[in-house]
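Protein chains in written order, with this note's numbering: chain A, 36 to 117; chain B, 36 to 117; chain C, 1352 to 1497; chain D, 1352 to 1497. First the structure, in the form of structure tokens, and then the observations on it.
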Amino acid sequence: MVKILYFGRLSERVGTQEEHIDLPDNIRTITELKAWLNTYHQLDGILDHDTVKTMIDQSLNHKNSSIIGAVEIGFLPPVGGG
Amino acid sequence: MVKILYFGRLSERVGTQEEHIDLPDNIRTITELKAWLNTYHQLDGILDHDTVKTMIDQSLNHKNSSIIGAVEIGFLPPVGGG
Amino acid sequence: MILISDTPFDPGEHLNQFSKANISAGAISSFLGQVRNENGTVKALELQSNKGVTEQGIAQAETQARERFSLIDVLIIHRIGTMEIGEPIVLVLVAAKHRRDAFEVCDFLMDYLKTEAMFWKKQTGKTGSLWIEPRAQDYQDNKRWS
Amino acid sequence: MILISDTPFDPGEHLNQFSKANISAGAISSFLGQVRNENGTVKALELQSNKGVTEQGIAQAETQARERFSLIDVLIIHRIGTMEIGEPIVLVLVAAKHRRDAFEVCDFLMDYLKTEAMFWKKQTGKTGSLWIEPRAQDYQDNKRWS
């Protein structure tokens, strides 16, 4: 069971800011997870944009890291506060 | 009778911020007034510095203007607030 | 100090406390961002953050500012949640001995907050909702520091 | 608006009133100058002004700022008289649609106030009194705008 977080417009597109999913055993990297979520939620590839960053267990992550053992994974579109 | 104002370190040197003086008739310009005050107050030429500006009747004045008819004359050393 | 708050805050109260706490500072600069009234086109603003990475990132920007400029203290308060017109969104307070450092740090931190801080901003108006991302000008401003 | 005050003022109160009065402004920048505690070397600060020319000059600087930048409102409050450590000397508040204008106007007006505004400042400390004139850095800062 892994917690998946969506921020900004991604949360609106998926319909939730947070979900808990039992991933199939063959989903071991960020790239595989994106592909799986794309089909699961019908996302038209919005997670694949260069501007979407990922976060694994509260650490920002820009490469195709392993997600084995991860408790929380987040998808982050471009940010801006202020 | 003319009102003379001194600001900043000039007021300290002269010993007052404001004085009222009956000037002799032959004092008709800023330059003549400075020379007269220099003797009158023993000012060692402190009014003659380039950085000291003058104000005649609330208007800043950088040249050797006439003071005939002036009600108020001010001497202003370099400024700085904030 | 960094505060991420889901309830309204009082900018004036913070300015007064901060300036009193830093009397060795002659110069206090501040920036207050508030929800702007755009003739009714904007009704509310909603901000999301992530507890962990958002504060971490702002703390890193504060550390950079302290390395780069001569400053005495910084307070950054940022709202999350739903805000209405006129409500404060962000307050940056910077105390320094001299004004040049105070101005530059405030400017530097605002550029970070606008383009890199982990906030997501949704604007709701007459014609629906819109997620706001940084403008080209914001990215350009932020490049001045690199 | 320009206020020259011979009694203490409350910076936070002014910030709150000013931001509420300008809800069309997304960006409020401010600068607060206060009497700095220099480990006891400074005890008090005394400022002189001249009712007529001091306000006139500041008003001209405000007009220049309005011509040069896109801004919504300005409030400048400057103390005169005798001030103790920690007391506010000057507060500049600038409201603009966007933050770049707000920052620049605040910076521009402070440079004017430091080098051209008609104030005379005497610092009293352990070793007597000293009339403070602008530093070379202040004149240099002010030249950036010409």
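Note that the Cβ used here is the ideal one computed from N, Cα and C, for glycine as well.
* Asked: Beta-carbon separation of K1465 (chain D) and P1439 (chain D) under 9 Å?
  -> no
* Looking at the C-beta of N1367 (chain D), does it have a partner C-beta in chain C at a distance below 9 Å? -> yes
* Give the straight-line distance between the Cα atoms of R1389 (chain D) and T1405 (chain C), rounded to the nearest whole angstrom. => For the sequence presented, residue 1389 (chain D) should be read as Glu rather than Arg. C-alpha separation (whole angstroms): 36 Å.
* Asked: Residues of chain D with a CB under 9 Å from the CB of L111 (chain B): which are they?
  -> N1401, V1404, M1469, W1471
* According to the Cβ coordinates, are I1379 (chain C) and V1445 (chain C) closer than 9 Å? -> yes
* Using a Cβ-Cβ cut-off of 9 Å, state whether D1489 (chain D) counts as contacting chain B. => yes
* To do: Compare the Cα-Cα distances from M1434 (chain D) to each of D:A1487, D:G1363, D:V1393, D:S1381 and report the closest residue.
  => D:V1393
* Bridge partners of L111 (chain A), per DSSP? -> A:K88
* What is the DSSP secondary structure of K69 (chain A), reduced to helix, strand or coil? -> helix
* To do: Report yes or no: do three or more beta-carbon pairs, one from the region 1453 to 1464 of chain D and one from the region 100 to 112 of chain B, lie closer than 8 Å?
  => no
* Which class does T1444 (chain C) belong to by DSSP, given the choice of helix, strand or coil? -> It should be noted that the sequence gives Leu, not Thr, for residue 1444 (chain C). Here L1444 (chain C) sits in strand by DSSP.
* Within this structure, are the beta carbons of L1429 (chain C) and G117 (chain A) separated by less than 9 Å? -> First, the residue type needs correcting, since residue 1429 (chain C) is His and not Leu in the sequence shown. For H1429 (chain C) and G117 (chain A), yes; Cβs fall inside 9 Å.
* Scan the region 1429 to 1443 of chain D for residues whose Cβ lies nearer than 8 Å to a Cβ of chain B and list them as they occur along the chain. => H1429, I1440, V1441
* Rounded straight-line distance, which links the Cα of I1483 (chain C) to that of Q77 (chain A) -> 23 Å
* To do: May I ask you to list the residues that DSSP assigns as paired with S1400 (chain C)?
  => C:F1470
* To do: Give the interface partners of M1352 (chain D) over in chain C, defined as CB-CB distance under 9 Å, in chain order.
  => What M1352 (chain D) touches in chain C: nothing, since even the nearest Cβ is about 17 Å away.
* Q1488 (chain C) (DSSP reduced to helix, strand or coil) -> helix
* Asked: When DSSP builds the beta bridges, which residues end up paired with T1424 (chain C)?
  -> In the sequence as presented, Thr is not what sits at residue 1424 (chain C); that position holds Asp. Answer by DSSP bridge pairing, in chain order: C:A1446.
* To do: Taking the CB atoms as reference points, tell me whether T93 (chain B) and N1401 (chain D) lie closer together than 9 Å.
  => This sequence places Gln at residue 93 (chain B); Thr is not what is there. Yes. Within cutoff.
* Comparing the C-beta of K1295 (chain C) with each C-beta of chain A, is any distance below 9 Å? -> In the structure displayed, chain C extends from 1352 to 1497; residue 1295 (chain C) sits before or after that span and is not available.
* Asked: Nearest CA to the CA of G1437 (chain C): which residue from D:I1374, D:I1353, D:G1479, D:D1357?
  -> D:I1374
* Could you run through the region 1380 to 1397 of chain C and flag, in chain order, every residue whose CB is less than 7 Å away from some CB of chain A? => G1384
* To do: Hey, could you find the ends of the beta strand (DSSP E) G1384 (chain C) is sitting in?
  => 1378 to 1385
* For G1432 (chain D), three-class secondary structure by DSSP -> strand
* Measure from the C-beta of P1485 (chain D) to each C-beta in chain B and report whether the shortest distance is under 9 Å. => yes
* From L1481 (chain D) to Q1368 (chain C), what does the alpha carbon distance come to, in whole angstroms? -> 30 Å
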